[in-house]
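Down below is the structure, laid out as structure tokens.
Residue numbers (the numbering used here), protein chains in the order written: chain A, 34 to 523; chain B, 28 to 207.
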């Protein structure tokens, strides 16, 4: 077992529960990818759907992907953190149930009620459907999001309780005594440090999200209750930015925990590691104005902060983690299989995806890149090649009987298909963005259509590969035992 | 052009990062003592931090020197003021043309939901944008350096006909304006 393991004495993480989380995540991810493919095919004029249905798909794809990235990442965090913390299984189940109810509400709102205001539900669009959706559909969507957020809030509060109980405070969970004092070598393990960071930022982010969701709900039924649109935008992007970034910080735990098993080297926290996570805790909370760089009415100091913190926010953890991963595998006699390949790919996806994101956070660049396909280009880079790879790597790991177990040929092919398909797909987004193609357009101009067609081919490869990953995991779901708990790295 | 520069910087940076990954991966099956690798790696990491700071801080300074936000207050007296109001799903624009080289101040607002005011040139290249938001006026200053018919596209999702929310804006040469 990893060093520091079992400090809580909790030796039996509930793998069946985690399997359900991961199984649900795999299926929903696959479905959302198919929705993505349908949208790209429609933009490429290879599929005929109405604009109204396109924007419904856009809404379901956005909400579904953000939600399922969070659910899958939470499963990774919970699975490994439960070795060090006494977490509540009841609340873990409650989160899943609230999530599923929320999903049903959101699907009902979109597919039944025609709701198509986008997952970002920018005030006051949910209340102004121009006859395409009604107040009830908008309320169902906002209520569904609120329920999902509530589930995650409960989960994170349980983490806060467990970390405080085990380590004394959230500051100690971040390793502050070791960071600011003498490095005693007894800092919490990387999983606990990351979990503490996510706990702090997501409690704040979800609370802000809940506030704007409730205000928007009131506005639906009491139109005289209005919200300052700029305040609403700030709350939405603060929540959205924190929540989606937290998925990376949860899922990266798979890299911290699994990659050492393959490299047979430990991943131990040192001062640089702890400093990076503390710095990122603060910066992920204050960087969100980079989503509002084209809202000229915002205070200028916030815009400057948005650019400056964007340049610095990802770097500490990113450089520490990327460097850590590369050092870990360099001349280690590394064992390569689909799991380790996906996890190393995920670190690359995260690190590489940050580059176009930072470029776009430059105010002068944002003037000609904001809301073009450059934006989904960079976030798909670190969410698809980053977070999804982490999740698929973890999923593949869970399904193996041992680390040494050989992969089947189709799993290896699926890895290569996923990697090249994803790279082609995100580069087509970036290239389209560099050619000023707007994002969120149901119909494209003729000169943009070839980009969509090429991108669709890449997405089809990704979907096929993920289908293999998902089917293999589901087939193995209840047939194997976990390997991680039986493996030691010292 | 800004977009070409951005594309070049991004692809070269990602390719460099990919090369580093490939270089490390190709050496991953060999074995060496981890402690020695860590000592060397931490030195390289420190150099990387210093290099990124050395490149990033001046870059931040340069790029922040010319921000679009206070440009309207500094616009010259001859600037053309254009009011643009966004509606679901059309634009109402007070002026339909300007001259090449003339400073134009677009006062952008919305009557209903959030919109995005994106100016595209004749090759459908985005040249400038700002958000259109109910209750706020965003002032976008732009000097057109090429004549032609520019398209105003909505760049913030605003409902089912979002992609059809377009308007035209003519930019004339001085001769064209004189002969009109």
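For each residue, glycine too, the CB sits at the ideal point set by N, CA and C.
What whole-angstrom Cβ distance do residue 431 of chain A and residue 55 of chain A have, given they're in contact under 8 Å? 6 Å
Near residue 197 of chain B, which residues of its chain fall below 7 Å by C-beta distance, leaving aside the five closest residues on each side in sequence? 123, 124 and 176
Of all the options A/167, A/185 and A/150, which has the alpha carbon lying nearest to the alpha carbon of residue 104 of chain A? A/185
What residue range is occupied by the uninterrupted alpha helix (DSSP H) comprising residue 178 of chain B? No alpha helix (DSSP H) holds residue 178 of chain B; the beta strand (DSSP E) holding it covers 175 to 181.
The region 138 to 167 of chain B: positions lying closer than 8 Å to chain A by Cβ: 139, 140, 141, 143, 145, 147, 151, 152, 153, 154, 155, 156, 157, 158, 160, 161, 162, 163, 164, 165, 166 and 167
Go to residue 90 of chain B, then tell me how far its alpha helix (DSSP H) extends in each direction, as first and last residue. Residues 61 to 91.
Checking 8 Å against the spacing of the C-beta atoms, do residue 125 of chain A and residue 188 of chain A come in under that value? yes
Taking residue 129 of chain B as the reference, give the member of B/91, B/172 and B/99 with the closest Cα. The residue with the shortest Cα to Cα distance from residue 129 of chain B is B/172.
Just curious, the alpha helix (DSSP H) that residue 212 of chain A is in, first and last residue? 209 to 213
Where does residue 334 of chain A land, buried or exposed, given buried means 16+ other C-beta within 10 angstroms? Exposed is the label assigned to residue 334 of chain A, since fewer than 16 other Cβ atoms lie within 10 Å of its Cβ.
Verify the contact flag: residue 175 of chain A, CB atom, against every heavy atom of the ligand PLP, threshold strictly below 7 Å. With respect to the ligand PLP, the structure shown offers nothing to examine, as it has no ligands at all.
Alpha-carbon to alpha-carbon, residue 206 of chain A and residue 274 of chain A: 23 Å
Residue 359 of chain A CB to nearest chain B CB: under 8 Å? yes
Express the C-alpha separation of residue 100 of chain B and residue 168 of chain B in angstroms, rounding to a whole number. Roughly 10 Å between the two C-alpha positions.
Is it true that the CB of residue 89 of chain A sits closer than 8 Å to the CB of residue 477 of chain A? No, these two residues do not count as a Cβ contact at 8 Å.
Between residue 520 of chain A and chain B, is there a C-beta pair that is closer than 8 Å? Below a pLDDT of 50, predicted positions are generally treated as unreliable, and residue 520 of chain A, at 44, falls in that range; no measurement from the model is reported.
Which residues of the region 316 to 350 of chain A have a Cβ closer than 7 Å to any Cβ of chain B? Give them in chain order. Per Cβ criterion, the list reads 327, 328, 329, 330, 333, 336, 337, 340, 341, 344 and 348.
Using a Cβ cut-off of 9 Å, which residues of the region 36 to 48 of chain B contact any Cβ in chain A, in chain order? So the close ones are 36, 37, 38, 40, 41, 44, 45, 47 and 48.
Are residue 165 of chain B and residue 261 of chain A close, meaning C-beta to C-beta below 8 Å? no
Using 8 Å as the limit for Cβ to Cβ distance, is residue 30 of chain B near chain A? yes
Using CA coordinates, which residue listed in A/111, A/444 and A/224 is at the minimum distance from residue 286 of chain A? A/224
Residue from B/182, B/199 and B/200 with nearest C-alpha to residue 401 of chain A: Minimum Cα distance to residue 401 of chain A is reached at B/182.
Our contact map puts residue 241 of chain A next to residue 179 of chain A with C-beta atoms below 8 Å; I'd like the distance itself, whole angstroms only. That pair is no contact at about 13 Å.
By the three-class DSSP mapping on this structure, what secondary structure does residue 365 of chain A have? strand
At which residues does the alpha helix (DSSP H) containing residue 452 of chain A begin and terminate? 442 to 467
Name, please, each residue of chain A whose Cβ falls closer than 9 Å to the Cβ of residue 186 of chain B. 88, 149, 150, 158, 161, 162, 163 and 165
Apply the 10 Å Cβ neighbour rule to residue 43 of chain B and answer buried if 16 or more other Cβ atoms are within range, or exposed otherwise. exposed
Chain-order list of residues whose beta-carbon lies under 7 Å from that of residue 50 of chain A (same chain, five-residue window excluded): 122, 125 and 126
Reduced DSSP category for residue 395 of chain A - H, G, I as helix; E, B as strand; rest coil: coil
Run of the beta strand (DSSP E) containing residue 169 of chain B, from where it starts to where it stops: 165 to 170
Three or more C-beta pairs below 8 Å linking the region 402 to 414 of chain A and the region 438 to 451 of chain A: no
Entirely within the region 315 to 358 of chain A and at least 4 residues each: give me those alpha helix (DSSP H) ranges in chain order. 333 to 346
Pair every Cβ in the region 297 to 313 of chain A with every Cβ in the region 249 to 269 of chain A, then say whether three or more of these pairs are closer than 8 Å. no
Neighbour list for residue 34 of chain B in chain A, Cβ cutoff strictly below 8 Å: Chain A residues near residue 34 of chain B: 463, 464 and 467.
Can you find a C-beta in chain B that's less than 8 Å from the C-beta of residue 445 of chain A? Chain B has no Cβ within less than 8 Å of the Cβ of residue 445 of chain A.
Is there a Cβ of chain A sitting closer than 8 Å to that of residue 68 of chain B, yes or no? Yes, residue 68 of chain B counts as interfacial toward chain A.
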